[in-house]
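Residue numbers (my numbering): 33 to 118. All C-beta atoms, glycine included, are put in the ideal place defined by N, C-alpha and C. Just below is one structure, and these are the notes that go with it.
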Amino acid sequence: MTFDQWIDTVNAQVKGRLGAGVRTEELSWDSAMWVGGGGTVVAALAEDEATVAFSFDDGEKLQMAYNDAAPESVGATIAKRLTSAA
Numbered sequence: 033m034t035f036d037q038w039i040d041t042v043n044a045q046v047k048g049r050l051g052a053g054v055r056t057e058e059l060s061w062d063s064a065m066w067v068g069g070g071g072t073v074v075a076a077l078a079e080d081e082a083t084v085a086f087s088f089d090d091g092e093k094l095q096m097a098y099n100d101a102a103p104e105s106v107g108a109t110i111a112k113r114l115t116s117a118a
């Protein structure tokens with residue numbers, strides 16, 4: 033699965049959980065941003081094109097190899113962060 037396919041699948045998971053409660057923006061071919069009532073999450077593909085870096089409103093950062101992360105789990109985590117009060 034390419035990063036573009038992976039991020040589309042993650043986005044579908046987030047939208048499926050939050051519906052109109054989330055706004056998605058594709059920042060470029062290699063990054064996306066989700067905005068919900070509980071904050072903002074940005075995902076960006078690293079230069080190695082194998083690692084995705086997530087940035088959260090509170091300054092927390094997370095990096096993982098996107099091929100090792102199930103889109104369903106990532107989508108659920110993002111949805112939870114977007115609905116949690118900061």
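Per-residue DSSP class, three states only, for W66: For this step, residue 66 is matched to residue 34 along the sequence shown. Correct three-state label for W66: strand.
Could you name the residues of the same chain whose beta carbon sits closer than 7 Å to that of L59, not counting the 5 residues immediately before and after it, in chain order? Mapped onto the sequence shown, residue 59 falls at position 27. Within the same chain, L59 has close Cβ partners M65.
Quick check: V67 and I110, are their CB atoms within less than 8 Å of each other? Position 35 of the sequence shown, counting from 1, holds the residue named residue 67. Position 78 of the sequence shown, counting from 1, holds the residue named residue 110. No. Outside cutoff.
Using only CA atoms, which one of G71, G69, A82 lies nearest to F35? Mapped onto the sequence shown, residue 35 falls at position 3. The residue with the shortest Cα to Cα distance from F35 is A82.
Can you look up A97 in the DSSP assignment and give me helix, strand or coil? Stepping through the sequence shown from its first residue, residue 97 is reached at position 65. In this structure, A97 counts as strand in the three-state DSSP scheme.
Applying the criterion that 16 or more other CB atoms from any shown protein chain within 10 Å of the CB defines a buried residue, is W38 buried or exposed? Counting from one through the sequence shown, the residue named residue 38 turns up at place 6. The residue in question, W38, is buried, as its Cβ has 16 or more Cβ neighbours within 10 Å.
Within 10 angstroms of the Cβ of A118, are there 16 or more other Cβ atoms? Answer buried if so, exposed if not. Here the question's residue 118 lines up with position 86 in the sequence shown. Summary for A118: the model assigns pLDDT 47, below 50, so the residue's position carries little reliability; its value from the coordinates is reported in the next sentence. So A118 counts as exposed.
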